[in-house]
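Chemist: For the record, in the sequence shown the residue sitting at position 87 is 417 according to the working numbering, with numbers rising by one throughout.
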Amino acid sequence: MRMSAPWDIAARTHPGRVRAHNEDTFVCDPDRGRFAVIDGMGGRAAGAVAANLTRKVLLDGDGDLRRSIFEANQVVRADAQANPEREGMGCVVTAAVIEGDTILLAHVGDTRAYLASATGTEQLTRDHTATAASQEAYGLSDAQARALPHQHAVTNDVGRVDREGFDWIETHAVPFARGDLLLLCSDGLHDLVPSSELFGLLTRARAEKVPATHLADQLLALALERGGRDNITLVAVRRRHAGAQLVRALGAALRRPDRTLPGNR
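Structure (structure tokens):
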């Protein structure tokens, strides 16, 4: 019995039209259900160093996202202390582990996660920025918030300060049903394609079963057409059928001599 992959996946990263270097990176490991978008900060090569150190920790970790992000903070801090020219480097990250019917998310900064489901599209994460805090406190619209000075000032990140505990890491567990579409992206996308527009694009893409590659290309093209002022990175994951754990269980059962399927004992 041969089964197709449980997910339809696409990932894109692009330096944009203004910046010479790409300080973004991503994780796309469908075999272990691990995905992330990471946006480096610190200028020159330092932001890219922080982002790639964090990427390695996420890939090498055991799937506990909070622990991996905490460890990444320690790794980036240690590297900056060993290399004074990188002092102040850091990154922001939105990471997901898909386990069966559930998405486990961990988030720090202003990268984002969106989910298109049967009930519509929602933003799963909140921005850790001064502007988002003002917007929440004073009930500002997106347009009013974008007009505020220093709108990109990040208030929470990986690597720029020492940390204790896990309270600084935002976490979520949300259902991931058949046909649902998860998008992780950096601010290079959502600054130029705002949530109100992304909601419509993702809702339509889910309903029309637009391939992840087509959606990723469309979103990247939109951001570039609108100026591409920042690095642009995104990962799109659509659930096709049963989660990876069930697929592996079925495969193992079919390889057993008695060919007993899970749940049919």
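Don't be surprised by glycine CBs; every beta carbon is placed ideally from N, CA and C.
Less than 6 Å between C-beta atoms, sequence neighbours within five positions excluded: which residues of the same chain meet that for D560?
Modeler: For D560, the CB contacts under 6 Å within the same chain, skipping 5 residues up- and downstream, are G346, G518 in chain order.
Chemist: Can you grab the Cα-Cα spacing for the pair R397 / R493, in whole Å?
Modeler: 12 Å
Chemist: For the putative contact between V423 and E401, defined by C-beta atoms under 8 Å, what is the C-beta separation to the nearest angstrom?
Modeler: Between E401 and V423 the Cβ distance is about 12 Å, and since that is not below 8 Å, they are no contact.
Chemist: Please work out which residues of its chain come closer than 7 Å, Cβ to Cβ, to W337, disregarding the five sequence neighbours upstream and downstream, and give them in chain order.
Modeler: P360, V567, R568, R569, R570
Chemist: For R407, which residues of its own chain have a beta-carbon under 7 Å away from its beta-carbon, when the five flanking residues on both sides are left out?
Modeler: G489, D492
Chemist: Would L512 pass as a contact of L435 if the rule is Cβ separation under 7 Å?
Modeler: no
Chemist: Could you check which residue in A410, T451, V565 has the C-alpha nearest to that of H544?
Modeler: V565
Chemist: What number of angstroms, rounded off, separates the C-alpha of N382 from the C-alpha of T355?
Modeler: Between N382 and T355, the C-alpha separation is close to 7 Å.
Chemist: Any heavy atom of the ligand ZN inside 6 Å of the beta-carbon of R397?
Modeler: Among the components modelled here there is no ligand, and therefore nothing to report on the ligand ZN.
Chemist: Can you give, in chain order, each stretch of the beta strand (DSSP E) that sits fully within the region 392-434 and has at least 3 residues?
Modeler: 420-429
Chemist: Check whether the Cβ atoms of G557 and D487 lie closer than 7 Å to each other.
Modeler: No; because the gap between Cβ atoms is not below 7 Å, this pair is not in contact.
Chemist: At least one CB of chain B closer than 7 Å to the CB of D510: is that the case?
Modeler: Any reference to chain B falls outside this structure, which holds one protein chain only.
Chemist: Please state the DSSP three-state secondary structure of A380.
Modeler: helix
Chemist: Taking only the alpha-carbon atoms, compute the straight-line gap between T459 and R362 and give it to the nearest angstrom.
Modeler: 31 Å
Chemist: From R508, L528, A551, pick the residue whose C-alpha is nearest to that of I428; which is it?
Modeler: R508
Chemist: So is T449 buried or exposed if we call it buried at 16+ other beta carbons inside 10 Å?
Modeler: exposed
Chemist: Excluding five sequence neighbours on each side, which residues of the same chain lie with their C-beta closer than 6 Å to the C-beta of H520?
Modeler: Counting only residues of its own chain and dropping the five nearest sequence neighbours on each side, H520 has a CB closer than 6 Å to the CB of R442.
Chemist: Beta carbon of I562, beta carbon of H344: below 7 Å?
Modeler: It is a contact, given that the beta carbons lie within the stated cut-off.
Chemist: Work out the CA separation of W498 and P541 for me, nearest whole Å.
Modeler: 35 Å
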